[in-house]
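Heads up: the structure comes next, in structure tokens.
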Amino acid sequence: MPEATDKVERVVREALKIACPDIGIVDGNTHLASELGLDSAQVMDMIMEIEDRLDISIPVAAIAEAHTLNDLCNSVRRVAGEA
Amino acid sequence: MDLRLAVFPTLTEALDYAAQGQTGFNYYNGRGDLTTVLPYSELRERARALGRRLQGLGRGARVALVAHTHPDFMVMFYACQYAALVPVPLPAAIHLGGHEAYVRHLRQMVSDCKAAAAFATSDFIDLLREAATGLPVQITGTLADFDQLPDHAQLPEPPRADELAYLQYTSGSTRFPRGTMITQASVMHNLEAIFNHGFRLTQEDRFFSWLPYYHDMGLVGIVLGCMATQRSVDFLGSREFAMRPRLWLKLMSQNRATISFSPPFGYALAARRITPKDTESLDLSAWRVAGVGAEMIHPEWLEAFATALKPAGFKPSAFLPSYGMAECALAVSFATVGAGMQIDSVDGDLLSDTAEAKPYVEGAPTRRKDFVSCGPPLPGFEVEVRAEDGQLLPERRVGRIHLRSPSVMNGYYNAPEPTAEVLSADRWLNTGDLGYFANGVLYLTGRAKDLLIINGRNIWPQDLESLAELQPEVRPTDASAFSVSGSDGTEVAVLVVQVRENDPREQAELADRLHEAISQEFGIRCLIELVPPHTLPRTSSGKLSRRGTRKDFLDRHDEERIREAAYLRFLVSDGGRRPVAA
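Protein chains in written order, with the working numbering: chain P, 1 to 83; chain S, 1001 to 1582.
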């Protein structure tokens, strides 16, 4: 796996942890909203952390497509030009 | 230039006047940088030029506008005004994984209003195109696409006062959208009352707003109201606000803004995020009106905000509670400017037993219940509190709030039955809200209609129930939705579903699918309870009783358990008083 890919996943996982501190170990295929119970405020917190750490702006369409942690990482990679 | 406080017969005449001055709209991005300046003079010029191209759609035709906080929305909205078309602002909010749900929702509204054209900014255009596929919409595009329409030499006759100013879809459910039809005369009547009697504006007033353009407070209060009073507004997108609530305060401090409105949850969100270090660099002493509306007001949320921002010079007396709804354009009443929250404490036991709001006596062995004053009705409003049988109630009796005013809508678009349910032949509007009068001042106590309001957003229980009924193992009328109050006074959505399945894995799988569907459509967490068949109570006519289900639910689980359960994925219960497993 190239290093850039690892960075995105690491940032997304850190952002999730900040938005949702008591979260346990999350599998890449876990559904963020239904299984982890993230509400829209927590989603916003997570997106902000990702944007700030990677210095990118994530468009709404990218959020609309993301169901799982892996989906979200892929969306972020595309935005960050690291796909 | 003289300040003219919304004393115009129509919106185009209001913009014609505002365009003679220097004021207008400023747009800020999520980093707090000013990105676009749109003075009213330029807005008018661009709106009139585009209006000439739009008029081919035909006078009175509906134009769906995805209401993203963006200058292009403004140009389209006011172009519709000059072209005598009816703009229809649509929501611009998508939840995680919510592509399909959002497209479905947009499609319902574009179809319901029989839109002749549909507009979105580049962020939303692909979703809008998908939503409009196969519908008889003549043109779907961004501002650049509308700019390609053939030009006409002249604008049509401007809208008359009795023509529609806009359609607004705040009130409906996602399955059955209801577009409130507001005429030019109604919206101007409401704005004139708000800005002269609700709170009088001065030349020094400057607004800040992150409110969405598809919500009545953002659309009518700010997009229309600030223009009609020639005030400048600094805009921050709603999504940018939700991510970075501190920007609201930073920009207000920087620009010495004097007026900003928010539902209570916005104040709560900002208060949670603010640090003592932030407040050092803020100066909010110019903030004279901190409007509050759109949902039940929790005094403690506002108090937390005022305490956190006191070092920055924020004055609690700036809080201005208000009451209103899209069905009468925007506002019904405002509390007293400069007085802050005025609380009426009543005997809570007597209130639940007899619906009488008797003042609470200190030290009495009863529960105290506090309500926030929403002030006296604005001029031009008749407001009555009525019993279930329609009888007029005296002061300090809780009943249904009915009102009549030139601000009230013509009805819901193309929906005579839903219109007749809320609007009588002599034009009294049944608000569905519960409240009482004391000394001529209105207090809101709850809702008679089955509606959930979560983070300022209306969610109809029917929509949650229908998501459940879409699951193969759930039959029609097997689901019932309502809200209970959570630990911090927020509303928590609850969905009780009857299932025949006993296998815990199958049950968990169903709960997952329900969570997924609800989260995609509404972006909220919902407490799901699975119960055996025949648990849900029915009325004598066989209809499901949401109120009965709610009461049974509260009997089955004590408060602490509900608080805990808010963090669980779902509850399984035998329908009896004690839960068997979680």
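Note that beta-carbon positions come from the ideal geometry of N, C-alpha and C, so glycine has one too.
Tell me the DSSP secondary structure of residue i in three-state form.
i, result
"Cys1226 (chain S)", "helix"
"Val12 (chain P)", "helix"
"Ala84 (chain P)", "The structure shown does not extend to residue 84 (chain P), since chain P is modelled only from 1 to 83, so the question has no answer here."
"Asp1433 (chain S)", "strand"
"Glu1145 (chain S)", "Note that residue 1145 (chain S) is Asp in the sequence shown, not Glu. Here Asp1145 (chain S) sits in helix by DSSP."
"Ile1259 (chain S)", "strand"
"Thr1010 (chain S)", "coil"
"Ala1132 (chain S)", "helix"
"Phe1319 (chain S)", "strand"
"Phe1522 (chain S)", "helix"
"Leu1005 (chain S)", "coil"
"Cys1328 (chain S)", "helix"
"Val1572 (chain S)", "strand"
"Ser1122 (chain S)", "coil"
"Ile47 (chain P)", "helix"
"Pro1504 (chain S)", "helix"
"Ala1438 (chain S)", "strand"
"Ser1405 (chain S)", "coil"
"Leu1057 (chain S)", "helix"
"Leu54 (chain P)", "helix"
"Leu1302 (chain S)", "helix"
"Tyr1096 (chain S)", "Tyr is not the amino acid found at residue 1096 (chain S); the sequence shown has Leu there. Here Leu1096 (chain S) sits in coil by DSSP."
"Leu1015 (chain S)", "helix"
"Pro1418 (chain S)", "helix"
"Ala1392 (chain S)", "Before going further, note that residue 1392 (chain S) is Leu rather than Ala in the sequence given. Leu1392 (chain S): strand per DSSP, three-state reduction."
"Lys17 (chain P)", "helix"
"Pro1158 (chain S)", "coil"
"Pro1472 (chain S)", "coil"
What does residue i pair with, by DSSP beta-bridge criteria?
i, result
"Met1181 (chain S)", "S:Leu1167, S:Gly1411"
"Lys1369 (chain S)", "S:Val1346"
"Leu963 (chain S)", "A query on residue 963 (chain S) cannot be resolved here, the shown segment of chain S reaching from 1001 to 1582 and no further."
"Val1484 (chain S)", "S:Val1492"
"Arg1062 (chain S)", "S:Val1086"
"Ser1232 (chain S)", "S:Arg1206"
"Ile1454 (chain S)", "S:Arg1457"
"Glu1356 (chain S)", "S:Arg1397"
"Leu1544 (chain S)", "S:Arg1538"
"Cys1479 (chain S)", "Residue identity differs from the one stated: residue 1479 (chain S) is Ala in this sequence, not Cys. Bridge partners of Ala1479 (chain S): S:Val1497."
"Leu1423 (chain S)", "S:Leu1429"
"Thr1649 (chain S)", "This structure leaves residue 1649 (chain S) out entirely; chain S is present only between 1001 and 1582."
"Thr1073 (chain S)", "For clarity, residue 1073 (chain S) is Phe in the given sequence; the question names Thr instead. Paired residues: none, contrary to the question."
"Ser1333 (chain S)", "S:Tyr1323, S:Pro1377"
Between which two residues does the alpha helix (DSSP H) carrying residue i extend?
i, result
"Cys73 (chain P)", "69 to 79"
"Phe1265 (chain S)", "1264 to 1273"
"Ala1242 (chain S)", "1238 to 1243"
In the DSSP assignment, find the unbroken beta strand (DSSP E) run with residue i in it and report its ends.
i, result
"Glu1382 (chain S)", "1382 to 1386"
"Glu1528 (chain S)", "The residue you asked about is not Glu; residue 1528 (chain S) is Ile in the sequence shown. Here the beta strand (DSSP E) through Ile1528 (chain S) covers 1526 to 1531."
"Ile23 (chain P)", "Note, Ile23 (chain P): premise wrong, no beta strand (DSSP E); not H, not E."
"Arg1457 (chain S)", "1457 to 1459"
"Gln1498 (chain S)", "1491 to 1498"
"Pro1087 (chain S)", "1086 to 1090"
"Gly1446 (chain S)", "1441 to 1447"
"Arg1200 (chain S)", "Unbroken run through Arg1200 (chain S): none, as it is neither H nor E."
"Ala1290 (chain S)", "1289 to 1292"
"Val1398 (chain S)", "Counting along the chain, Val1398 (chain S) falls outside any beta strand (DSSP E), and DSSP gives it neither H nor E."
"Arg1206 (chain S)", "1206 to 1209"
"Ala62 (chain P)", "Not the beta strand (DSSP E): Ala62 (chain P) falls in the alpha helix (DSSP H), residues 60 to 65."
"Ala1153 (chain S)", "Note, Ala1153 (chain S): premise wrong, no beta strand (DSSP E); not H, not E."
- Item | Where the segment 22 to 52 of chain P meets chain B: residues whose CB sits under 8 Å from a CB there | Judged by its chain identifiers, the structure shown contains no chain B, and its protein chains are P and S.
- At least 3 beta-carbon pairs within less than 8 Å: the segment 1179 to 1187 of chain S vs the segment 1154 to 1165 of chain S: yes
- Item | Residues of the segment 1238 to 1250 of chain S whose Cβ lies closer than 9 Å to any Cβ of chain P, in chain order | Arg1239, Ala1242, Met1243, Arg1244
- Name the residues in the segment 1093 to 1110 of chain S whose C-beta lies less than 7 Å from a C-beta of chain P; which are they? Considering only beta carbons, the part of the segment 1093 to 1110 of chain S lying closer than 7 Å to chain P consists of Ile1094, His1095, Leu1096, Gly1097, Gly1098, His1099, Tyr1102, in chain order.
- Message: Quick check: the segment 1458 to 1469 of chain S against the segment 1377 to 1386 of chain S, are at least 3 beta-carbon pairs closer than 8 Å?
- Response: Verdict: no, contact absent.
- Residues within the segment 55 to 78 of chain P neighbouring chain S, beta-carbon criterion of under 9 Å: Ser57, Pro59, Val60, Ala61, Ile63, Ala64, Glu65, Ala66, His67, Thr68, Asp71, Leu72
- Take every Cβ of the segment 1323 to 1341 of chain S, pair it with every Cβ of the segment 1353 to 1365 of chain S, and state whether three or more of those distances are shorter than 8 Å. Under the Cβ criterion (8 Å, minimum of three pairs), the segment 1323 to 1341 of chain S does not count as touching the segment 1353 to 1365 of chain S.
- Query: Is the segment 1300 to 1317 of chain S touching the segment 1441 to 1451 of chain S in the sense that three or more CB pairs, one from each, lie closer than 8 Å?
  - Reply: no
- Cβ-based contacts, 9 Å cut-off: residues of the segment 1500 to 1534 of chain S near chain P: Considering only beta carbons, the part of the segment 1500 to 1534 of chain S lying closer than 9 Å to chain P consists of Ala1511, Asp1512, Arg1513, Leu1514, His1515, Glu1516, Ala1517, Ile1518, Ser1519, Gln1520, Phe1522, Gly1523, Ile1524, Arg1525, in chain order.
- Item | Stretch-stretch touch, CB-based, cutoff 8 Å, three pairs: the segment 1413 to 1433 of chain S with the segment 1200 to 1217 of chain S | no
- Message: I want to know whether the segment 1543 to 1553 of chain S touches the segment 1475 to 1495 of chain S - three or more CB-CB distances under 8 Å.
- Response: yes
- If we count Cβ pairs, one from each stretch, closer than 8 Å, do we get three or more for the segment 1128 to 1137 of chain S versus the segment 1087 to 1106 of chain S? Output reads yes: the segment 1087 to 1106 of chain S touches the segment 1128 to 1137 of chain S.
- Counting Cβ pairs closer than 8 Å, one from the segment 50 to 62 of chain P and one from the segment 1147 to 1154 of chain S, do we hit at least three? no
- Message: Short of 8 Å Cβ to Cβ, which residues in the segment 1120 to 1133 of chain S face chain P?
- Response: Asp1123, Phe1124, Asp1126, Leu1127
- Task: Taking 8 Å as the threshold, find out whether the segment 29 to 40 of chain P comes into contact with the segment 1509 to 1525 of chain S through three or more Cβ pairs.
- Result: yes
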